[in-house]
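Visitor: Got a structure here, written out as structure tokens. Questions coming.
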Amino acid sequence: MAAPMTYAVNNQQYVAVQVGYGGSGIGIPFPRDSAAVKYQNVNRIIAFKLGGTQVPMPPNRANEAFPEPPPRIAPEATVRTGEILFFQECARCHAFGPAAISDLRKLPSGIHAIFKDIVLKGVLAPAGMERFDDLLSDADVDAIHAYLIDESWTAYDAQHDPATAQ
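So, in structure tokens, the structure goes:
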């Protein structure tokens, strides 16, 4: 993520580089064949030297199952409105699948319960999720949530169907 830097200790040259999350494209899913899908993309500094040992690999990424979502209760028109709003306001950070930021189809029940407070009141602002009350109404957030619940059910059902499992 950062430019490499070089230094020497006891006449041995090293090259160090910071790797991990960051940069642009945080809402873009990782390519299926990338190392970021297989390994956790944790921030770390790696230092290289000629004749050095192999760089330790980061831990493997856990493939978390989709939890059972809340019931689908919104009308289809609300879900479709939520889809449009999601791609206008949320998708630049939140992608479906392995990515730098949470896949919102995997929200735990406690987060579903406070979804509106997160989006409109900034409950998770200290963790980097700012409030959107200047861009979205209560109805907009309900529609986005309905869309996410609908997508969550699609993914949840697919993981139990061997023909469509992700």
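So that you can map any letter, position 154 of the sequence shown is 160 in the numbering used here, and since no number is skipped, the others follow by simple counting. Glycine included, C-beta positions come from ideal geometry on N, C-alpha and C.
Among residues of its own chain, excluding the 5 on either side of D146, which ones have a beta-carbon nearer than 7 Å to its beta-carbon?
Guide: What you label residue 146 is simply residue 140 of the sequence shown in a count that begins at 1. Taken in chain order, the residues that qualify are L91.
Visitor: According to the neighbour-count rule (16 or more other Cβ atoms, all chains shown, within 10 Å of its Cβ), is F93 buried or exposed?
Guide: Along the sequence shown, read from residue 1 onward, the residue named residue 93 stands at position 87. Answer is exposed; the Cβ neighbour count stays below 16.
Visitor: So which of G58, R38, G26, S40 has the shortest CA-CA distance to Q18?
Guide: For the purposes of this step, residue 18 is taken as residue 12 along the sequence shown, with counting starting at 1. It is G58.
Visitor: Taking Y153 as the reference, which of Q165, P64, H118, D167 has the closest Cα?
Guide: Taking the first residue of the sequence shown as 1, we reach residue 153 at position 147. Closest by alpha carbon: H118.
Visitor: Taking contact to mean at least 3 C-beta pairs separated by less than 8 Å, is the segment 41-48 in contact with the segment 118-132?
Guide: Touching, no, given that fewer than three Cβ pairs across the two stretches are closer than 8 Å.
Visitor: Helix, strand or coil: how does DSSP classify Q94 here?
Guide: One-based indexing of the sequence shown puts residue 94 at position 88. Looking at Q94 - three-state DSSP - the assignment turns out to be helix.
Visitor: Just list the residues that DSSP pairs F54 with in beta bridges.
Guide: On the sequence shown, residue 54 is found 48 positions in, with the first residue counted as 1. Answer is V21.
Visitor: Check for me: the alpha helix (DSSP H) holding V61 runs from which residue to which?
Guide: Sequence index remark: in the sequence shown, residue 61 carries index 55 (1-based). No alpha helix (DSSP H) holds V61; DSSP gives it neither H nor E.
Visitor: Around the C-beta of H100, are 16 or more other C-beta atoms found within 10 angstroms, so that it is buried, or is it exposed?
Guide: Numbered from its first residue, the sequence shown carries residue 100 at position 94. Per the 10 Å Cβ criterion, buried.
Visitor: Rounded to whole angstroms, what is the Cα-Cα separation between V223 and E70?
Guide: Nothing can be reported for residue 223: it is not among the residues displayed for the chain, which extend from 7 to 172.
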